[in-house]
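A.B. asks:
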Amino acid sequence: MDNNNIDKTQDQEKSFITEKIKPKTRRKIKKVLEVCGLALLAAVIIGFVSRVIYVASEGMVNSMLGVEEKQPEIPDSNSPVRNTVTLSTGAETGRISPSVPGPVTPSPEPDITPMQEPSPTPSPVPEKEEDDTAGQQVTPETDMPDPEKEEDGVTVTLVPPEEGDVTAQGEEAEPDPMDNYNGIVGGLKDLYASVSESVVTVRACNSGINWLDENIETYTDATGVILGENGVELLIMTSCAKTESADRIEIILADGFTVEGEVFLSDPVLDLAIVAVDLEKITGKEKSTLRCICIGDSSKVAVGDSIMAAGMPDGYSGSMAYGFVSATGRKCYVQDGVLDVFATGLPYHAGSDAVIVNMNGEMIGIISHMTEQNEEDRITTCISINSIRDILIALLNGKNTVHPGIKAEDMPDDVLKSMGLENGIYINEVVASSPAAAAGLRKGDVITSMDGTPITSVKDMMEYLITGTDRALISTTYFRSSLRDEPENTVVIELDLGN
27 MDNNNIDKTQ DQEKSFITEK IKPKTRRKIK KVLEVCGLAL LAAVIIGFVS
77 RVIYVASEGM VNSMLGVEEK QPEIPDSNSP VRNTVTLSTG AETGRISPSV
127 PGPVTPSPEP DITPMQEPSP TPSPVPEKEE DDTAGQQVTP ETDMPDPEKE
177 EDGVTVTLVP PEEGDVTAQG EEAEPDPMDN YNGIVGGLKD LYASVSESVV
227 TVRACNSGIN WLDENIETYT DATGVILGEN GVELLIMTSC AKTESADRIE
277 IILADGFTVE GEVFLSDPVL DLAIVAVDLE KITGKEKSTL RCICIGDSSK
327 VAVGDSIMAA GMPDGYSGSM AYGFVSATGR KCYVQDGVLD VFATGLPYHA
377 GSDAVIVNMN GEMIGIISHM TEQNEEDRIT TCISINSIRD ILIALLNGKN
427 TVHPGIKAED MPDDVLKSMG LENGIYINEV VASSPAAAAG LRKGDVITSM
477 DGTPITSVKD MMEYLITGTD RALISTTYFR SSLRDEPENT VVIELDLGN
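Position 425 (the sequence shown) corresponds to 451 in my numbering; numbering is contiguous.
#1: With a threshold of 8 Å, are at least 3 pairs of Cβ atoms found where one atom belongs to the region 385 to 396 and the other to the region 422 to 429?
#2: Over what stretch of residues does the beta strand (DSSP E) that includes Gly234 continue unbroken?
#3: Roughly how many whole angstroms lie between the Cα atoms of Ile72 and Val78?
#4: Considering only their Cβ atoms, is the gap separating Ile333 from Asn384 smaller than 8 Å?
#5: Applying the criterion that 16 or more other CB atoms from any shown protein chain within 10 Å of the CB defines a buried residue, is Thr218 buried or exposed?
#6: Report the residue from Met338, Thr479, Val258, Ile300 whose alpha carbon sits nearest the alpha carbon of Lys307.
#7: I need the straight-line Cα distance from Asp511 to Phe290, nearest angstrom please.
#8: Return the chain-ordered list of same chain residues with a C-beta closer than 8 Å to the C-beta of Asp297, the five sequence neighbours on each side being excluded.
#9: Given that a residue counts as buried once 16 or more other Cβ atoms are within 10 Å of its Cβ, and exposed if not, what is Asn454?
#10: Pairs of beta-carbons, one from the region 428 to 440 and one from the region 108 to 115, closer than 8 Å: are there three or more?
#11: Quick check on the burial criterion: 16 or more other C-beta atoms within 10 angstroms. Buried or exposed for Cys62?
#12: Here's the rule I'm using: 16 or more other beta-carbon atoms within 10 Å means buried, otherwise exposed. How should Asp496 be labelled?
#13: Using C-beta distances below 7 Å, list every residue in its chain close to Glu514, excluding the 5 sequence neighbours before and after it, in chain order.
#14: Are the region 242 to 253 and the region 215 to 231 touching, with three or more C-beta to C-beta distances below 8 Å?
#15: What do you get for Arg404, buried or exposed, if any count of 16 or more other CB atoms within 10 angstroms of its CB means buried?
#16: For the beta strand (DSSP E) containing Lys10, name the first residue and the last one.
#17: According to DSSP, simplified to helix, strand and coil, what is Ser459?
#18: Residue ranges of each alpha helix (DSSP H) run of no fewer than 4 residues wholly in the region 297 to 355, ordered along the chain?
#19: Answer yes or no: do Leu365 and Thr406 have a C-beta to C-beta separation smaller than 8 Å?
#20: Name the DSSP beta bridge partners of Lys357, please?
#21: According to the neighbour-count rule (16 or more other Cβ atoms, all chains shown, within 10 Å of its Cβ), is Met338 buried or exposed?
#22: Can you give me the C-alpha to C-alpha distance between Pro480 and Val441, rounded to a whole angstrom?
#23: Taking Ser220 as part of the alpha helix (DSSP H), name the residues at either end of that continuous run.
#24: Touching or not, the region 435 to 452 and the region 469 to 483, by the rule of three or more beta carbon pairs under 8 Å?
#25: Can you give me the Cβ contacts of Gly363 inside the same chain, cut-off strictly under 6 Å, excluding the 5 residues immediately before and after it?
#26: Can you tell me which of the three DSSP states Leu372 falls into?
#27: Let's see if you can read the secondary structure: which residues bound the alpha helix (DSSP H) around Ala420?
#28: Taking all protein chains shown into account, do 16 or more other C-beta atoms lie within 10 angstroms of the C-beta of Met90, making it buried, or fewer, making it exposed?
#29: Given a threshold of 16 other Cβ atoms within 10 Å of its Cβ, counted over all protein chains shown, does Phe74 qualify as buried or as exposed?
#30: What residue from Asp522, Leu509, Leu279, Val472 has the CA that sits closest to Leu2's CA?
#31: Given a cut-off of 8 Å, decide if Gly282 and Ala302 are closer than it, judged by their beta-carbon atoms.
#32: Can you tell me whether DSSP reads Glu520 as helix, strand or coil?
#33: Among Val285, Glu270, Gly310, whose alpha-carbon lies nearest the alpha-carbon of Asp293?
#34: Does the Cβ-Cβ distance between Asp486 and Asn412 come in under 8 Å?
#35: Determine contact between the region 335 to 352 and the region 376 to 383, defined as no fewer than three beta-carbon pairs at a distance below 8 Å.
#36: Tell me the rounded alpha-carbon separation between Lys57 and Leu66.
Structure, rendered in structure tokens:
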């Protein structure tokens with residue numbers, strides 16, 4: 027009997043322990059979803075009603091508070107039209123003004139006035155004033171000729187020679203060398219004053235934080251040259267390397283007037299940049315002091331010619347130096363082209379940056395360090411203006427320059443004949459990740475034509491690329507000696523037009 031009770035008790039405990047917990051009903055989840063849906067619907071209704079009330083009462087509230095309703099701005103359909111920009115020559119050089127710039131006479135060369143020769147006609151002697159000693163006899167210390175004597179009824183007046191005009195024998199005296207020197211120096215000062223109207227300082231400003239966690243602003247100065255204006259902006263040439271990463275660009279005129287500018291277009295390969303300044307930001311007074319620089323012909327530069335550097339020839343803004351041309355006829359092969367350079371006797375400075383003008387105030391080149399072959403070169407070399415004239419005109423008129431990424435050089439005729447070619451240029455290097463590399467060109471290839479146009483020199487290729495700035499594809503024919511079966515092939519170079 028007791029055993030039966032014990033078994034029953036154990037069965038009851040076991041049944042309690044093995045009891046399962048039933049899951050929650052779905053009714054609770056449904057209620058939560060219903061509440062969320064109602065809240066969302068209420069929020070939408072309240073937002074819609076609030077918007078209707080705001081729109082209906084906005085005018086009344088603004089009139090009560092005296093707030094004027096702003097009219098929506100309608101974009102001006104007459105956007106500014108930029109005129110075509112050309113580089114100025116001597117006859118076209120003019121000052122920057124609201125009207126069309128007029129001609130400005132180039133600065134004259136040093137004016138050295140020769141000493142005046144004595145007049146062949148004797149000058150009359152002024153009449154002597156009577157004094158208290160009249161009537162007294164005066165004995166001269168030396169025998170002097172009678173200043174007035176009568177010969178054949180004609181009174182002749184003798185005038186003693188002035189000191190420095192003629193010698194006792196009637197010969198002309200030699201001019202003072204210091205007078206000549208001062209005249210030359212004065213002419214150089216006048217020349218610099220004229221050129222400085224076309225030269226400005228371009229300041230590239232960058233913001234940063236110093237080691238004290240303070241906000242600071244650093245800046246780098248570069249020489250700027252006024253090349254022209256398109257009716258909307260004043261266009262200034264400067265260094266691309268010094269301005270391409272700037273947070274802000276300032277243009278400082280010769281009198282200290284400062285105005286902000288921005289990079290218009292640039293060519294990093296040739297270190298050229300065009301900075302644009304809104305003409306409306308320049309006052310009429312400042313415009314009257316600005317002048318587009320006159321462009322000269324660098325092909326006429328000869329060894330021994332006198333030159334002047336304006337801008338930063340010694341690394342300091344607003345400085346100048348003058349010297350002479352020491353060597354001409356040099357070439358510097360660069361990426362996708364070749365530049366004519368000439369050496370000067372100007373002092374060398376690592377941070378120099380200046381424009382080179384001749385004695386007529388015409389720009390014939392710019393100082394550049396990209397033409398230095400090695401660090402030991404301590405000669406101030408300049409890029410001739412003729413080498414970059416077409417590139418500057420393209421940039422001034424909003425056309426990007428294109429660069430396939432080819433470093434080539436001219437080939438001698440005998441080498442071309444040995445390869446069975448009539449023309450071509452030798453590829454020294456293909457820039458990595460460039461359009462030329464993507465097309466399959468490589469070092470050692472000889473480019474013979476582009477789009478069917480024969481390429482006889484690197485200068486030909488450079489001119490073709492400049493004139494074809496709107497072509498995205500260039501069919502390039504090349505010769506590769508390692509391909510014996512078909513050494514001459516054609517590839518298509520896809521260019522980045524930068525649009």
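We treat Cβ as the ideally placed atom computed from N, Cα and C, and that holds for glycine.
C.D. replies: Reading off the structure:
#1: no
#2: If you number the sequence shown from 1, residue 234 lands on position 208. First-last of the beta strand (DSSP E) with Gly234: 225 to 235.
#3: Indexing the sequence shown from 1 puts residue 72 at position 46. Indexing the sequence shown from 1 puts residue 78 at position 52. If I take the Cα positions, the gap works out to 10 Å.
#4: Locating residue 384 in the sequence shown gives position 358, where the first residue counts as 1. Locating residue 333 in the sequence shown gives position 307, where the first residue counts as 1. Cβ atoms of Asn384 and Ile333: closer than 8 Å.
#5: Numbered from its first residue, the sequence shown carries residue 218 at position 192. Sequence inspection shows Tyr at residue 218; the Thr mentioned does not correspond to that position. With 16 or more other Cβ atoms within 10 Å, it is buried.
#6: Taking the first residue of the sequence shown as position 1, residue 307 is located at position 281. Answer by Cα proximity: Val258.
#7: Translated into positions along the sequence shown, residue 511 becomes position 485. Translated into positions along the sequence shown, residue 290 becomes position 264. For Asp511 and Phe290, the distance between alpha carbons rounds to 49 Å.
#8: For the purposes of this step, residue 297 is taken as the residue at position 271 of the sequence shown. Once the five neighbours on either side are set aside, the close Cβ partners of Asp297 are Ser265, Cys266, Ala267, Ser394, Met396.
#9: By 1-based counting over the sequence shown, the position of residue 454 is 428. Exposed, by the Cβ-count rule.
#10: no
#11: What you label residue 62 is simply residue 36 of the sequence shown in a count that begins at 1. The residue in question, Cys62, is exposed, as its Cβ has fewer than 16 Cβ neighbours within 10 Å.
#12: Taking the sequence shown and counting its residues from 1, the one referred to as residue 496 is at position 470. A residue is called buried when at least 16 other Cβ atoms come within 10 angstroms of its Cβ; Asp496 does not meet this threshold and is exposed.
#13: Reading the sequence shown from its first residue, position 488 is the one you call residue 514. Here the set comprises Thr503, Phe505.
#14: Enough Cβ pairs lie closer than 8 Å, so yes.
#15: For the purposes of this step, residue 404 is taken as residue 378 along the sequence shown, with counting starting at 1. It is exposed - the Cβ of Arg404 has fewer than 16 other Cβ atoms within 10 Å.
#16: No answer is possible for residue 10: the residues shown for the chain start at 27 and end at 525.
#17: If you number the sequence shown from 1, residue 459 lands on position 433. Residue state, collapsed to three classes: coil.
#18: Those alpha helix (DSSP H) runs which fall completely within the region 297 to 355 and span 4+ residues are 310 to 313.
#19: Within the sequence shown, the letter at position 339 stands for residue 365. Within the sequence shown, the letter at position 380 stands for residue 406. No, these two residues do not count as a Cβ contact at 8 Å.
#20: On the sequence shown, position 331 is the one that residue 357 refers to. According to DSSP, which records beta bridges pairwise, Lys357 is partnered with Asp366.
#21: If you number the sequence shown from 1, residue 338 lands on position 312. Within 10 angstroms of the beta-carbon of Met338 lie 16 or more other beta-carbons, which makes it buried.
#22: As a working note, residue 480 is residue 454 in the sequence shown. As a working note, residue 441 is residue 415 in the sequence shown. Going from the Cα of Pro480 to the Cα of Val441 covers about 17 Å.
#23: Walking along the sequence shown from the start, residue 220 turns up at place 194. Note, Ser220: alpha helix (DSSP H), 203 to 221.
#24: yes
#25: Position 337 of the sequence shown, counting from 1, holds the residue named residue 363. Excluding the 5 residues flanking it on each side, Gly363 has same chain C-beta neighbours closer than 6 Å at Met488, in chain order.
#26: Start at 1 with the first residue of the sequence shown, and residue 372 comes out as number 346. Coil at Leu372, not helix or strand.
#27: Within the sequence shown, numbered from 1, the residue matching residue 420 stands at position 394. Its alpha helix (DSSP H) spans residues 411 to 422.
#28: One-based indexing of the sequence shown puts residue 90 at position 64. Met90 comes out exposed.
#29: For the purposes of this step, residue 74 is identified with residue 48 of the sequence shown, where counting begins at 1. By the neighbour-count criterion, in which a residue is buried when 16 or more other Cβ atoms sit within 10 angstroms of its Cβ, Phe74 is exposed.
#30: In this structure the chain extends from 27 to 525, so residue 2 is not present and cannot be described.
#31: As a first step, residue 302 is located in the sequence shown; it is residue number 276 there, counting from the start. As a first step, residue 282 is located in the sequence shown; it is residue number 256 there, counting from the start. Cβ atoms of Ala302 and Gly282: not closer than 8 Å.
#32: Counting from one through the sequence shown, the residue named residue 520 turns up at place 494. It is a strand residue.
#33: Taking the sequence shown and counting its residues from 1, one reaches residue 293 at position 267. Closest by alpha carbon: Glu270.
#34: To locate residue 486, count along the sequence shown from 1; it is residue 460. To locate residue 412, count along the sequence shown from 1; it is residue 386. No, the pair does not count as a contact, with Cβ atoms beyond the cut-off.
#35: yes
#36: Here the question's residue 57 lines up with position 31 in the sequence shown. Here the question's residue 66 lines up with position 40 in the sequence shown. Rounded to the nearest angstrom, the two C-alpha atoms are 14 Å apart.
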